[in-house]
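Read through the structure below, which is laid out as structure tokens, and then see the notes.
There are 2 protein chains.
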Amino acid sequence: MARISGFDTYDVRFPTSATLAGSDAMNPDPDYAAAYLALRVDDGTSGHGFVFTIGRGNEVELAALAALEPFLTGLEVAEAVGDLGAVWRRLVGESHFRWLGPEKGVMHMAIGAVVNALFDLAAKRAGKPLWRYLADLSPEELLGLVDFRYITDALGPDEALDLLRRGAEGKAERIAELERLGYPAYTTAPGWLGYSDDKLVDLCEIAKREGFGQVKLKVGASLDDDVRRCALARRAIGTGVDLAIDANQVWDVESAIDWIGRLAEFDLAWVEEPTSPDDILGHARIREGVAPVPIATGEHVANRVVFKQLLQARAIDVMQIDACRVAGVNENLVNLLLAAKFGVRVCPHAGGVGLCEAVQHLSFFDYAALSGSMDGRSIEWIDHLHEHFVSPAVVAHGRYLAPREPGASTEMYPDSLAQYAYPNGPVWSRPERDPDRAR
Amino acid sequence: MARISGFDTYDVRFPTSATLAGSDAMNPDPDYAAAYLALRVDDGTSGHGFVFTIGRGNEVELAALAALEPFLTGLEVAEAVGDLGAVWRRLVGESHFRWLGPEKGVMHMAIGAVVNALFDLAAKRAGKPLWRYLADLSPEELLGLVDFRYITDALGPDEALDLLRRGAEGKAERIAELERLGYPAYTTAPGWLGYSDDKLVDLCEIAKREGFGQVKLKVGASLDDDVRRCALARRAIGTGVDLAIDANQVWDVESAIDWIGRLAEFDLAWVEEPTSPDDILGHARIREGVAPVPIATGEHVANRVVFKQLLQARAIDVMQIDACRVAGVNENLVNLLLAAKFGVRVCPHAGGVGLCEAVQHLSFFDYAALSGSMDGRSIEWIDHLHEHFVSPAVVAHGRYLAPREPGASTEMYPDSLAQYAYPNGPVWSRPERDPDRAR
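Protein chains in written order, with the working numbering: chain R, 817 to 1255; chain S, 817 to 1255.
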């Protein structure tokens, strides 16, 4: 009768702002960070999850994790991982915490880290990588993970079960295919806003050589720069590789339509985050205004209720789920079900710290046991900070290789947690670091 | 050259769950709480603001306030209060913190507390109650408080200025009227879900005698109970007093339409929070499905972008702004402008700890200098915890009296901050309190 004995949490930050990797029109100087959770079990095992942030405020997520610890400590592990739907409902429905959202922001993301740590634990106990653990569940077991609150006007339990049953047909063949061939990746490496034109072109050529089917550029700071950079990128990759752009929410509705209109000549695979992730009606108007350019969003979509409406309003062509923004695997399962219902492709957001590791399992699961489709789908890839993970995501020839190690790939090395501990780990306490970074 | 010298913050909680005051279908046991901020100035003055929460997790808001402190400390006060629009944009636009929302949840509410503390300071320095301070600003000065990001498709600067200029016509007469007659209040005192039928009837009769024009009942736990309680309330108040109901987000779209249909016979002034505050399209469908029953929401609406869409989608009849949910006075000024543009009445959410104190200024300002209308408008009133405030809100004969003391009415007595300090203040450390409340 193993029980959860408590949380070990870590404020881990990487000084990425020094290189401008990760720079975009909204986020000029991110220090990629994780509010990291090791959920301890008294038999010596553990489950791992985290909230990804970009630096300052990471400690607020740590405070949220601490608030959740009493709700987990003492739980019998077999019971908890045996009904992860019930645990999810208890955490997300906790009325005091709910007031702090509801179902959005700091508290919701912290719940996501806890949920993901529990799934890591569940998959490890089953001896399977998370995507296989999920794919091996029956449609009825998967349905038990879903909370249908607020989505029944778009998708009810009967229809969801139907989708899951149809998704299970041919599952074994698709699992074998995934294990053999992996899943498409696209790369954002060339496109950070802080990079020079030369660096952009070099990285585009490298991406093409490496076999990526799509590259993505950050845009939205200067239209002239964007036109020039898109032209350079398109010339470097040719017509055989797709080109997507990402505005990171900097536009209003009308300015998005105008700006995208000027860039449409570059045959865009999608335009990502044209405006506020809360603006469902705005996305719908933008999509209509720039058709047929596809519109994508999701990395900052707070929960399933917003995704539901983006789909109902026909506001997006591409759903970009994020492993750490919503309340973990359960809520992303709902998002995948909604995408399947509305026939929208899912291309997860990744990068940051550990987002590739965490989210890959969801796309692999989706192909194996839900949508059964890879058409136009790919997972974002940035070759950055993977060395800190015990079972890092691996991309080769433009494809994610199927994770094979048990768990959710969310476990970091203890040495990384120590080296990058903020503010007192060796990386941050070196004298050359500005002591007043918080300002 | 007075400068901001730092934050004093307090975790203040009131054991309200002991009485079931505040109980509703979503929140069975709130302990009303404030993450309270005294923004210190080196000349000995201070500005006061807070985030209202319902207990657990209040400490997470304290962590968010601590993260914001370095951004304020050292600022010259005259410069800060002289351009509160710039301060707002700096805080809300801070990219690292923005990642934790964006513009929603724990971080956004903490920014709201800081902004409201700055407005308290500004009004005190001007020697005016906040509503008068705002009403005395010119249309151009008010416009300078507004960030139009993400709302220009509904309301641009020119149209906003036009609304403010028209709102200023006849301002002096309306200010005099407010000072003489106050502003309508409605009461939620009778309607908490934990109250017996007898208590409900008694409190409805008292509310009628006291001159309130509207009472509100909590609903949504049991349809049979709701039918019985609405009938009892309607009998007690007669037809001369309005009856509103509040479901606190417990329904899905279809169940809301069904449930409200069964209660429509009681001639409802509005149905509040029928479903998720994020569900714009859901509110629109509910409103259409139960017409002509008015639909209200807002106390959990995260920001101006969601309010904008609720108005664009014709999803609500009543906008219920909350002083502490969004990023303070600036963002609520946008919300009031949007309501004026779309011709929707504003009836603020209040109650809790200090919400009546804080939000009354916004309705008084709106009548004086923006909408110029009280038709169908009233501010929620709950006669609870006002004794902890230095300049408490006062309701008499069913109307809020105009605040006359300088500031935003947000300052609490030091003794209250000490008595109700959590977890070590005298109220919480008494032996009869369950030491394990956090579970």
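Using N, Cα and C, we set each Cβ at its ideal position, and we do this for glycine too.
No experiment lies behind these values; they were computed from the predicted model shown.
Contact residues within the stretch 1002-1033 of chain R, judged by C-beta distance below 8 Å to chain S: none
Cβ-Cβ separation, R:L937 to R:T861 (assumed contact under 8 Å), whole Å: 7 Å
Beta carbon of S:V1087 nearer than 9 Å to that of S:V1069: no
Does the stretch 892-912 of chain S come into contact with the stretch 843-851 of chain S, if we say contact requires no fewer than three beta-carbon pairs (one atom in each stretch) closer than 8 Å? no
When you check each C-beta in the stretch 1043-1070 of chain S against every C-beta of chain R, which residues fall closer than 8 Å? Q1065, D1068, V1069 and E1070
Whole angstroms are fine: how far does the CA of R:V857 sit from the CA of R:T825? 14 Å
Less than 7 Å between C-beta atoms, sequence neighbours within five positions excluded: which residues of the same chain meet that for S:G1105? I1073
Cβ of R:S821 within 9 Å of any chain S Cβ: no
Using only the alpha-carbon positions, how far apart do S:A1143 and S:V1122 sit? 13 Å
In chain R, which residues lie less than 7 Å from S:H1116 when you measure between Cβ atoms? P918
Let me confirm a value: R:N1240 is counted as buried when at least 16 other C-beta atoms fall within 10 Å, else exposed. Which label applies? exposed
DSSP state of S:W1244 mapped onto helix, strand, coil: helix
Could you tell me whether the Cβ of R:M1135 comes closer than 9 Å to any Cβ of chain S? no
By Cβ distance below 6 Å, which residues in the same chain neighbour S:D1207 in space, the five residues on each side in sequence not counted? Note on residue identity: the sequence assigns Ser, not Asp, to residue 1207 of chain S. Excluding sequence neighbours, S:S1207 sits near E1221 and S1225.
According to the Cβ coordinates, are R:G928 and R:E1227 closer than 9 Å? no
Residues in the stretch 890-924 of chain R having any Cβ partner in chain S nearer than 8 Å: E910, S911, H912, F913, R914, W915, L916, G917, P918, E919, K920, G921, V922, M923 and H924
If you check the beta carbons only, do S:T869 and R:H912 fall under 9 Å apart? yes
Unbroken alpha helix (DSSP H) run spanning S:P1000, endpoints: Unbroken run through S:P1000 is the beta strand (DSSP E), Y999 to G1007; no alpha helix (DSSP H).
Taking DSSP as the reference, what is the three-state secondary structure of R:A1237? strand
Work out the CA separation of S:R1044 and S:D1095 for me, nearest whole Å. 29 Å
Is the beta carbon of S:R1120 closer than 9 Å to that of S:I967? yes
With respect to the beta strand (DSSP E) encompassing R:W1197, which residues constitute its N-terminal and C-terminal limits? I1195 to W1197
For a test of the three-state rule: what should DSSP assign to S:D978, helix, strand or coil? helix
Are any of the Cβ atoms in chain R nearer than 9 Å to that of S:R1130? no
Any beta carbon from chain R within less than 9 Å of S:K944's own beta carbon? no
Contact criterion: CB-CB distance below 9 Å. Does R:Q1235 meet it with respect to chain S? no
Check the Cβ-Cβ distances between R:D827 and every residue of chain S, and say whether any is below 9 Å. no
Among residues of its own chain, excluding the 5 on either side of S:L958, which ones have a beta-carbon nearer than 8 Å to its beta-carbon? L950, L980, L1149 and A1185
Say whether chain S places a C-beta atom closer than 9 Å to the C-beta of R:I1076. no
Given R:G822, which residues of its chain have a CB within under 7 Å of its CB, disregarding the five upstream and five downstream residues? R856, E885 and T889
How would you list, in chain order, the residues of chain S whose beta-carbon sits under 9 Å from the beta-carbon of R:Y852? Chain S residues near R:Y852: none, gap ~16 Å exceeds 9 Å.
Return the chain-ordered list of same chain residues with a C-beta closer than 8 Å to the C-beta of S:P1251, the five sequence neighbours on each side being excluded. With a pLDDT of only 43 at S:P1251, under 50, the local geometry of the prediction cannot be trusted, and no value is derived from it.
Beta carbon of S:S1187, beta carbon of S:A1155: below 9 Å? yes
Grab me the residues of R:R1050's own chain with a C-beta within less than 8 Å of its C-beta, minus the 5 sequence neighbours each way, in chain order. L1059, F1082 and D1083
What residue from S:R941, S:T1004 and S:D1191 has the CA that sits closest to S:D840's CA? S:T1004
Taking just the CA atoms, how far does R:L916 sit from S:A1037? 22 Å
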